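What follows is a short report on a single structure.
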Amino acid sequence: MSAREVVDVEARALPGLVQAVFSDAHSRTPCPRMQMAYAIQNGGAREARYLLSLGAGRPFTEWRVPAEGPLPSLAHQLPMLSWYEREMVDLFGMTFEGHPHPQPLVLHEGVKCLAPPMVGAVSEAPLDYPPVAAWTPTLDNPAIQHLPFGPIRADVVESAEFQFLYIGENILHYHPRLFWKHRGMEKRFEGCACVPAVILAERVSGVGSLAHALAYCQAVEDALVVEVPERAGYLRLILAELERLYNHLHYFGHLCQTTTLKVGEAQGLLLEEQVKQIIGRHTGSRLPRNLLVPGGLRRDLDLAGLDGALRALAPLIDSYLRHMERTRSHLDRLITTGPLTRELAYDQGATGPVERASGIDRDARRDHPYAAYAALRVDVPVEEGGDAYARACVRGRELRASLGLIHQALTRLKPGAIRAPLPPVMAGAEGLGWAESPRGTLLYAVSFRADGRLARVKIKSPSFSNWRVFPYTVHDSNMMDYAINEASFGITVAGCDR
Amino acid sequence: MPFWTLMGLRAGRATTRWPLGEGPDGQDGVVGMPRLHKERCVPHCAECADICPSGALGLRNNHDITLDYARCIACQLCVEACPHGTLETTRDWALGTCDRAALQSDAGPREGHARKAIERAFGRSLHVRHVDAGSCNGCESEIQALNNPFYNLHRLGVFFTPSPRFADLLLVTGPVTRAMRAPLEATYAALPEPRWVMAAGTCATGGYNGGGYACHNGLEEILPVDLWLPGCPPNPAAFLDALLVLLDRRPPWAAAEGNSHGGD
Chain A
1 MSAREVVDVE ARALPGLVQA VFSDAHSRTP CPRMQMAYAI QNGGAREARY
51 LLSLGAGRPF TEWRVPAEGP LPSLAHQLPM LSWYEREMVD LFGMTFEGHP
101 HPQPLVLHEG VKCLAPPMVG AVSEAPLDYP PVAAWTPTLD NPAIQHLPFG
151 PIRADVVESA EFQFLYIGEN ILHYHPRLFW KHRGMEKRFE GCACVPAVIL
201 AERVSGVGSL AHALAYCQAV EDALVVEVPE RAGYLRLILA ELERLYNHLH
251 YFGHLCQTTT LKVGEAQGLL LEEQVKQIIG RHTGSRLPRN LLVPGGLRRD
301 LDLAGLDGAL RALAPLIDSY LRHMERTRSH LDRLITTGPL TRELAYDQGA
351 TGPVERASGI DRDARRDHPY AAYAALRVDV PVEEGGDAYA RACVRGRELR
401 ASLGLIHQAL TRLKPGAIRA PLPPVMAGAE GLGWAESPRG TLLYAVSFRA
451 DGRLARVKIK SPSFSNWRVF PYTVHDSNMM DYAINEASFG ITVAGCDR
Chain B
499 MPFWTLMGLR AGRATTRWPL GEGPDGQDGV VGMPRLHKER CVPHCAECAD
549 ICPSGALGLR NNHDITLDYA RCIACQLCVE ACPHGTLETT RDWALGTCDR
599 AALQSDAGPR EGHARKAIER AFGRSLHVRH VDAGSCNGCE SEIQALNNPF
649 YNLHRLGVFF TPSPRFADLL LVTGPVTRAM RAPLEATYAA LPEPRWVMAA
699 GTCATGGYNG GGYACHNGLE EILPVDLWLP GCPPNPAAFL DALLVLLDRR
749 PPWAAAEGNS HGGD
């Protein structure tokens, strides 16, 4: 079964189609969901593509729209598409008529380039960034203060710029200016052979190395119609859950830092370190890198001792979570902070633990199973609260579920092949791959040139989705809670900026 | 909440004594940069150089293989590709050095690179301002780990500081995106003299993920680099080692010595 069903759509039919598929969507079951939109240039022909899921257990649907001329903006109907459309404007020079917020996104205000960077050969002409201040709403009241913060901020953090407009403690307006770290990663894949390109995918977002490699490999395997051996499927699952473990433990360490729970911070970071050391011992790399390849794994792994190491760690993780649950000073800062309603989470396209904390029950591991997830019981924790506390609860429950999944997978792991041979690439082959990374749904769409090398790789990272959502929980909140709220989202910058 | 205190007391000391005393460096099983055994190399075979995704391996005059560790991401593709065992997987990850040429396989024996000036200026302490100039956040993940209880960087007198005005060392990750160049240069300008610059991770030391429409080719073409630490990412023990190399408290890496330079 192919990963997606393709539907050809004409540009003028788009708004009506969206209306038909998505009216009252978030109250329906199964609830249709826009996953991403991206552009692809095929010789002279340019196409916009919209990827949807119409429910668990069904292939994704992809609308393909010829985009020689302007397209109607769908951001009024599906607000989450706003960023995708702006990205296509910046990188492909496309036009969307009636876009509600047509500022640049990936390229900053004032950036000069000779041609859209993703189109044609002149695209390698480098970008020029003149010092132009970020767009902000017009200030009509002298009591309103403006705080431009970043891109270099205190502490060891990723580069990102934030615009705050506030009176006293109250934030009136906030928006992030991201993409300071835009490296043009999607362009780097073009012309690469598909096997070594997995090294590139691992380096899109370091703390999501395994998820990126996994989604990329699965996209290539979909394009070449390759079945991955059973053992490789289980090993991929175990590695993916180990990555989730250290990421979620880091999340709690960082969250405790923002609520000034010092011992909680130290304990979270220490547990994260212990998981990274376990990963290093068993795979050779603390961030699980240099392991996957289209077709399976690069080498077999000896996981003897992994179960014992995790069994020793599990009670420590459990008591750590219970201690946080009993610490009122910590909980006081989380409960009611940064509320995200179910409607907002749906409309703006939240993903991963963020959407599950707002009552949306969606997880690619269960709904669109890959690797060996179909063979195991995948518990998907969902909370209804939508606040920072609910977001932390989801991640806490996921920690426990991950330990269970690894244990289940280890008991079923049998000796066997770990890498399937790849057939030659058919000209024009295309594939879709996905993974539920620690931060949410990650998607890779790949297509090949006639010479068997990669033509286009689209990466939809979960952080791209959640950065879009996050500002809506900051408006009307206060400065004191900002850092806590941001930590409760657990978003990276590199994945979003690419 | 007393249970936090109890938890800490029960857990005991989490911090390793390494590198000052006997203790684990935390990198059991962690793979480092490949080692080059030139004598095993066969003429007119370019398997390793062809597969190397970061341009670390090169062929001179079509037969003389060279390896530049500043450009190596330790992906091990060359080790898998070479049919003659010319490249060997090692535990060499502590590659911190003040001497760029020491990272090249054909550099020859290096003289000790004096860092006396820094010791006079700061004694044994160091304040660091970190700038992410377009990393994948792998480096940040490992730099943040330096402050976890296992490595506890503070015990060595090294501190991260929010303001460049209080910093002695600018620690830069990433290939330097075109967008981050101006903020990076402004930060460097704000550092008081004497000041030092560290390129951390192979994006910064060798321009991996550099070039194209959005990036420069590593830190070298933007700022004068005093301390090099390739790795993808360098692990926390490698960071710790490199910072002590700068302070003359650890010996630097030299590729020509061919010595194991990982956990000791």
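First to last, the protein sequences are chains A and B. Residue numbering for the first sequence follows my numbering, beginning at 1 and increasing consecutively. Residue numbering for the second sequence follows my numbering, beginning at 499 and increasing consecutively. Note that CB positions come from ideal geometry on N, CA and C, so glycine has one too. Only a predicted model underlies this, so the values are computations on that prediction, with no experimental measurement involved.
- Residues are counted here when their Cβ sits less than 9 Å from a Cβ of chain A; for the stretch 721 to 747 of chain B these are Cys730, Pro731, Asn733, Pro734, given in chain order.
- The Cβ atoms of Leu127/A and Val111/A sit closer than 7 Å to each other.
- The stretch 60 to 122 of chain A is shown to contain whole alpha helix (DSSP H) runs of 4 or more residues at 81 to 92, in chain order.
- By a beta-carbon distance limit of 8 Å, Leu261/A does not contact His175/A. Their separation comes to about 29 Å.
- For Thr513/B, the nearest beta carbon of chain A is not closer than 7 Å to its own beta carbon.
- For Ala75/A, same chain residues with a beta-carbon under 8 Å away, outside a window of 5 residues either side, are Leu81, Ser82, Glu85, Phe96, His99, Pro100, His101 in chain order.
- Not a single CB atom of chain A sits nearer than 7 Å to the CB of Gly556/B.
- Pairing Ser463/A with Arg456/A gives a Cβ-Cβ distance that is not under 7 Å.
- Against chain B, a Cβ distance below 9 Å from Glu158/A picks out Asp630, Ser633, Asn635, Glu638.
- Boundaries for Glu190/A: no beta strand (DSSP E) harbours it, and the DSSP string shows neither H nor E there.
- Secondary structure of Pro471/A (DSSP, three-state): helix.
- A direct Cα-to-Cα measurement between Ile549/B and Arg622/B gives close to 43 Å.
- Taking 7 Å as the cut-off, the beta carbon of Arg289/A is found no closer than this to the beta carbon of Ser402/A.
- Shown here, Ala143/A sits in coil according to DSSP, grouped into three states, outside any helix or strand.
- The three-state reading of DSSP puts Val263/A in helix, counting H, G and I together.
- Straight through space, the alpha carbons of Phe162/A and Pro131/A are spaced by roughly 16 Å.
- The C-beta of Thr341/A has fewer than 16 other C-beta atoms within 10 Å across all chains shown, which makes the residue exposed.
- Using beta-carbon distances, Gln103/A does not count as an interface residue toward chain B, since no partner is under 7 Å.
- Between Ser159/A and Met696/B, the C-beta gap is not smaller than 7 Å, which leaves the two residues out of contact.
- In the structure shown, the three-state DSSP call for Ile171/A is strand.
- Within the stretch 552 to 617 of chain B, the complete alpha helix (DSSP H) segments at least 4 residues long are 575 to 579, listed from N- to C-terminus.
- For His625/B, there is no enclosing alpha helix (DSSP H); the residue is found in the beta strand (DSSP E) stretching over 624 to 630.
- Residue pairing by DSSP puts Trp726/B in a beta bridge opposite Thr595/B, Ala697/B.
- Interface criterion met: the Cβ of Trp502/B is under 7 Å from a Cβ in chain A.
- For the set His542/B, Arg569/B, Cys573/B, Gly530/B, the Cα lying nearest the Cα of Arg558/B is the one of His542/B.
- Apart from the 5 residues on each side of it in sequence, Asp302/A sits with its Cβ closer than 8 Å to the Cβ of His282 in its chain, given in chain order.
- Looking at the DSSP output, Pro176/A sits in a beta bridge with Phe162/A.
- In this structure, Tyr472/A lies away from Ala372/A, with their beta-carbon atoms at least 7 Å apart.
- Contact between the stretch 728 to 744 of chain B and the stretch 586 to 601 of chain B is established, with three or more Cβ pairs separated by less than 8 Å.
- Taking the CA atoms as reference points, Tyr444/A sits about 45 Å from Phe501/B.
- Looking at the DSSP output, Asn635/B shares a beta bridge with no other residue.
- Annotation: Asp451/A to Cys217/A spans about 19 Å, alpha carbon to alpha carbon.
- The beta carbon of Glu202/A sits closer than 7 Å to the beta carbons of Ser209, His212, Ala213, Arg289 from its chain, once the five residues preceding and following it are set aside; these are given in chain order.
- Under the three-state reduction of DSSP, Lys536/B is assigned to helix.
- The beta carbon of Asn290/A falls within 7 Å of a beta carbon belonging to chain B, placing the residue at that interface.
- From the beta-carbon of Arg653/B, no residue of chain A is found nearer than 7 Å; the closest lies around 14 Å away.
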